[in-house]
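Asker: With my numbering, the residue at position 447 of the sequence shown is 460, and numbering never jumps.
Quick reminder that beta carbons are idealized off the backbone N, C-alpha and C, glycines included.
Here it is, the structure, as structure tokens.
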Amino acid sequence: MLYVDTARVFLNEGFVAAKETFSLPFLPIVMALFSKLTGFGLETSGYLLNALFLAGACALMTDCAGRKYPEAVWPICLVLLALPGLNHYRDEILREYGCWFFFMLTFWLSLRWSESPRWPMALLAQLALVLSALFRPEALTFFPALIMWQWFTSPKGEKLHRTLMIGGLPVLGLVAFAVLFLTGQLESGNRLVADFNRFNLVGFETKAQALSASLLPYARDQAKSILFFGSISIIPIKFVKQLGIFSVPLLFLFSTQSLRMTLTRWQPFTWAFFAHILVLVVFVLDLQFLAGRYVAVLSLLATPLVGYGLWLLMRRFPRWKHAMILLAGISLASNVVSLNPSKQHFVQAGSWLAQNASESPRVYIESPRAAYYAGWRFATRLGAQDRSLLPERIAQKQYDLAVLEVSRSEPDITPWLSSSGLREIQRFTETNGDAVIIAEPLSGRIQDNASKTGRMREKTGSTE
14 MLYVDTARVF
24 LNEGFVAAKE
34 TFSLPFLPIV
44 MALFSKLTGF
54 GLETSGYLLN
64 ALFLAGACAL
74 MTDCAGRKYP
84 EAVWPICLVL
94 LALPGLNHYR
104 DEILREYGCW
114 FFFMLTFWLS
124 LRWSESPRWP
134 MALLAQLALV
144 LSALFRPEAL
154 TFFPALIMWQ
164 WFTSPKGEKL
174 HRTLMIGGLP
184 VLGLVAFAVL
194 FLTGQLESGN
204 RLVADFNRFN
214 LVGFETKAQA
224 LSASLLPYAR
234 DQAKSILFFG
244 SISIIPIKFV
254 KQLGIFSVPL
264 LFLFSTQSLR
274 MTLTRWQPFT
284 WAFFAHILVL
294 VVFVLDLQFL
304 AGRYVAVLSL
314 LATPLVGYGL
324 WLLMRRFPRW
334 KHAMILLAGI
344 SLASNVVSLN
354 PSKQHFVQAG
364 SWLAQNASES
374 PRVYIESPRA
384 AYYAGWRFAT
394 RLGAQDRSLL
404 PERIAQKQYD
414 LAVLEVSRSE
424 PDITPWLSSS
434 GLREIQRFTE
444 TNGDAVIIAE
454 PLSGRIQDNA
464 SKTGRMREKT
474 GSTE
């Protein structure tokens, strides 16, 4: 929704307005240009670009893995198609797909460059990674991964030359950024500055102190350890969850093969994997939260190992080969066939809003998806809404309409609506019980509240 709206703003008002809507507008700009070039709608362009980026990333990984594990190319390809962590977000427009494609292009170019080191190929690889960072800035951490790969694998006589060729310019860029950052020359709202500030430990100390206050007395001294290890444990849990049944071939690989030999053969993805883990550690210590799509990078980088482990597993247990392929096929099908509710209630609510209401700050919006399908600008729906404040604002006549998103797990909202001075006028319900409710103020109740308030003030005045 955000990306479609930002793309629309870019087409209508230009780059500056698009950047004010969203600080990293590269994907929306690409969507807008693609839409203008092809004639497709902005949303269709977004989905098509995401599909092309994901397909391109998988194709590049297949070719890269073929250079490292030529005997296991087809299992690796199967894993790429079936891995839950990679394919779970196909129905969403995300910046991640563009990031994945361009950093995979970086590694593909880097592997070709390593066979015959030349400046043009090195510069192309670095340019591809910069393009990846335009989608997700944390992709820049793959520059150190490339540097470490060359430093530890290059022949002795070429080590320094190769390392400088693949990493010299990025290091100079990092030094320049650090100088600007330390001297305060960068804007405080800069996205890179915000990400760089995640390394500040003051925030972690504050959270640890808050956690300590909620613990039992004998556990308070361990608050930092509990917060640290509890936070970073999210990473392996989400990674294993994203692998699903493919955790088995990965475990089989590490249980039957030399760890050092496996990690050496996996390069440069070994360094990239650990570089991204460090990124995730910084994120999770700052937020105590981690979206699954952030961890999906680890799943993508691990596909050569998972595919090779699957190949070894089928060789070790040939009788179970067809069963393994069948399970992978089921996982593949589950990525493209959804049995979940269609969420048509958002579309229906949006259609009703488009026909019966106007976009206005006087509309309380708790369901941004319904507002999106109404064709309302994202700027109108910015910020999380606090439903607990709604009754007071209704009494103050701040809103003429309320769009509420109600989960099936919530208790019946009808009594709350009445007590809050609202009357339900439309309800759009999904088959699973989730609903979008359109409500309007009870004018009589508001007037009653106003008259009561007036009488109280008169009484107070007479007392004084």
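#1: For the 8 Å Cβ check, are there 3 or more pairs between the region 379-392 and the region 415-430?
#2: Looking at L96 and S347, is the spacing between their C-beta atoms short of 9 Å?
#3: Report buried or exposed for L339, applying the criterion of at least 16 other Cβ atoms within 10 angstroms of its Cβ.
#4: Mapping the DSSP letters down to three states, classify F330 as helix, strand or coil.
#5: Report the three-state DSSP secondary structure of T19 (helix, strand or coil).
#6: So, at 7 Å on beta carbons, what are the nonlocal neighbours of R80 in its own chain, with the 5 sequence-adjacent residues on each side left out?
#7: On the three-pair Cβ rule with 8 Å, is the region 43-60 touching the region 274-284?
#8: Of all the alpha helix (DSSP H) runs that stay within the bounds of the region 301-376, which reach a length of 4 or more residues?
#9: Return the first residue and the last residue of the alpha helix (DSSP H) that F441 is part of.
#10: Less than 9 Å between the beta carbons of I239 and L228, yes or no?
#11: Going along the chain, which unbroken runs of the alpha helix (DSSP H) with 4 or more residues stay wholly within the region 208-286?
#12: How should M274 be labelled, buried or exposed, when 16 other C-beta atoms within 10 angstroms of its C-beta is the threshold for buried?
#13: Which whole-angstrom value describes the C-beta separation of H358 and T442, a residue pair presumed to lie in contact below a C-beta threshold of 8 Å?
#14: Suppose you measure from the CA of Y386 to the CA of A362; what does that come to, to the nearest Å?
#15: Around the C-beta of A158, are 16 or more other C-beta atoms found within 10 angstroms, so that it is buried, or is it exposed?
#16: Along the alpha helix (DSSP H) that carries P404, what are the first and last residues, could you check?
#17: Beta strand (DSSP E) containing A448: first to last residue?
#18: Report the CB separation of L263 from G342 in whole angstroms; it is logged as a contact under 8 Å.
#19: Around the Cβ of R328, are there at least 16 other Cβ atoms within 10 angstroms (buried) or fewer (exposed)?
#20: State the CB to CB distance for the pair V308 and I258, rounded to an integer number of angstroms; the pair is presumed to be in contact (CB under 8 Å).
#21: According to the neighbour-count rule (16 or more other Cβ atoms, all chains shown, within 10 Å of its Cβ), is L311 buried or exposed?
#22: Would you say H174 and P230 are within 9 Å of each other, going by their C-beta atoms?
#23: Along the chain, where does the beta strand (DSSP E) containing A415 start, and where does it finish?
#24: Work out the CA separation of L61 and A448 for me, nearest whole Å.
#25: Is K251 buried or exposed, if buried means 16 or more other CB atoms sit within 10 Å of its CB?
#26: In chain order, what residues of the same chain lie with their CB nearer than 7 Å to the CB of Q301, ignoring the 5 residues before and after it?
#27: Going by the CB atoms, is the gap between I407 and G434 shorter than 9 Å?
#28: How big is the Cα-Cα spacing for F190 and K237?
#29: What are the boundary residues of the alpha helix (DSSP H) that F194 is part of?
#30: Alpha carbon to alpha carbon, what distance is there between L140 and A315?
#31: Would the beta-carbon of A85 fall within 9 Å of that of W389?
#32: What residue from I106, A146 and F330 has the CA that sits closest to M117's CA?
#33: In whole angstroms, what separates the C-alpha of F242 from that of Q235?
#34: Can you tell me which residues form a DSSP beta bridge with I378?
#35: Need the endpoints of the alpha helix (DSSP H) that N445 sits in, please.
#36: Go through the region 17-68 residue by residue and report every complete run of the alpha helix (DSSP H) that reaches 4 residues or more, in order.
Answerer: Let me lay it out:
#1: yes
#2: By one-based count along the sequence shown, residue 347 stands at place 334. By one-based count along the sequence shown, residue 96 stands at place 83. Contact annotation: S347 and L96 have beta-carbon atoms that are not nearer than 9 Å.
#3: On the sequence shown, residue 339 is found 326 positions in, with the first residue counted as 1. Exposed: under 16 other Cβ atoms inside 10 Å.
#4: Within the sequence shown, numbered from 1, the residue matching residue 330 stands at position 317. F330 sits in coil when the DSSP states are folded into three classes, being neither helix nor strand.
#5: As a first step, residue 19 must be located in the sequence shown, where it is residue number 6. Reduced to three states, the DSSP call for T19 is helix.
#6: Walking along the sequence shown from the start, residue 80 turns up at place 67. Hits under 7 Å: L124.
#7: no
#8: 305-329, 334-349 and 357-369
#9: If you number the sequence shown from 1, residue 441 lands on position 428. Counting along the chain, F441 falls outside any alpha helix (DSSP H), though it belongs to the beta strand (DSSP E) covering L435 to T442.
#10: Mapped onto the sequence shown, residue 239 falls at position 226. Mapped onto the sequence shown, residue 228 falls at position 215. Yes.
#11: 215-227, 236-245, 247-256, 260-269 and 272-278
#12: For the purposes of this step, residue 274 is taken as residue 261 along the sequence shown, with counting starting at 1. Exposed is the call here.
#13: Counting from one through the sequence shown, the residue named residue 358 turns up at place 345. Counting from one through the sequence shown, the residue named residue 442 turns up at place 429. 6 Å between Cβ atoms; contact.
#14: Position 373 of the sequence shown, counted from the start, is the residue given in the question as residue 386. Position 349 of the sequence shown, counted from the start, is the residue given in the question as residue 362. Using only the alpha carbons, I get a separation of about 8 Å.
#15: One-based indexing of the sequence shown puts residue 158 at position 145. When all chains shown are included, A158 counts as buried.
#16: Sequence index remark: in the sequence shown, residue 404 carries index 391 (1-based). Here the alpha helix (DSSP H) through P404 covers L403 to A408.
#17: If you number the sequence shown from 1, residue 448 lands on position 435. Unbroken beta strand (DSSP E) run through A448: A448 to P454.
#18: Mapped onto the sequence shown, residue 263 falls at position 250. Mapped onto the sequence shown, residue 342 falls at position 329. With a Cβ gap of about 19 Å, L263 and G342 do not count as contacting.
#19: The residue given as residue 328 occupies position 315 in the sequence shown. Label assigned to R328: exposed.
#20: As a working mapping, residue 308 is identified with position 295 in the sequence shown. As a working mapping, residue 258 is identified with position 245 in the sequence shown. About 17 Å; that fails the 8 Å criterion.
#21: Here residue 311 is taken as the residue at index 298 of the sequence shown, counted from 1. Classification of L311: buried, given that the 10 Å Cβ count is 16 or more.
#22: Taking the first residue of the sequence shown as position 1, residue 174 is located at position 161. Taking the first residue of the sequence shown as position 1, residue 230 is located at position 217. No, these two residues do not count as a Cβ contact at 9 Å.
#23: Position 402 of the sequence shown, counted from the start, is the residue given in the question as residue 415. Where A415 is concerned, the enclosing beta strand (DSSP E) stretches over L414 to V419.
#24: In the sequence shown, residue 448 corresponds to position 435, counting from 1. In the sequence shown, residue 61 corresponds to position 48, counting from 1. For A448 and L61, the distance between alpha carbons rounds to 29 Å.
#25: Taking the sequence shown and counting its residues from 1, the one referred to as residue 251 is at position 238. When all chains shown are included, K251 counts as buried.
#26: Numbered from its first residue, the sequence shown carries residue 301 at position 288. These residues qualify, in order along the chain: S244.
#27: Here residue 434 refers to the residue found at position 421 when the sequence shown is read from its first residue. Here residue 407 refers to the residue found at position 394 when the sequence shown is read from its first residue. A contact, by the Cβ cut-off of 9 Å.
#28: Taking the sequence shown and counting its residues from 1, the one referred to as residue 190 is at position 177. Taking the sequence shown and counting its residues from 1, the one referred to as residue 237 is at position 224. For F190 and K237, the distance between alpha carbons rounds to 31 Å.
#29: Taking the sequence shown and counting its residues from 1, one reaches residue 194 at position 181. Where F194 is concerned, the enclosing alpha helix (DSSP H) stretches over K172 to L195.
#30: By 1-based counting over the sequence shown, the position of residue 315 is 302. By 1-based counting over the sequence shown, the position of residue 140 is 127. Going from the Cα of A315 to the Cα of L140 covers about 24 Å.
#31: Here residue 85 corresponds to residue number 72 of the sequence shown, with the count starting at 1. Here residue 389 corresponds to residue number 376 of the sequence shown, with the count starting at 1. Against a cut-off of 9 Å, the Cβ pair of W389 and A85 comes out as no contact.
#32: Along the sequence shown, read from residue 1 onward, the residue named residue 117 stands at position 104. The residue with the shortest Cα to Cα distance from M117 is A146.
#33: Looking up residue 242 in the sequence shown gives position 229. Looking up residue 235 in the sequence shown gives position 222. Approximately 11 Å between the Cα atoms of the pair.
#34: Here residue 378 corresponds to residue number 365 of the sequence shown, with the count starting at 1. In the DSSP output, where bridge partners are listed per residue, I378 has V416.
#35: Position 432 of the sequence shown holds residue 445. It is not in any alpha helix (DSSP H) - N445 carries neither H nor E in the DSSP assignment.
#36: 28-34 and 39-51
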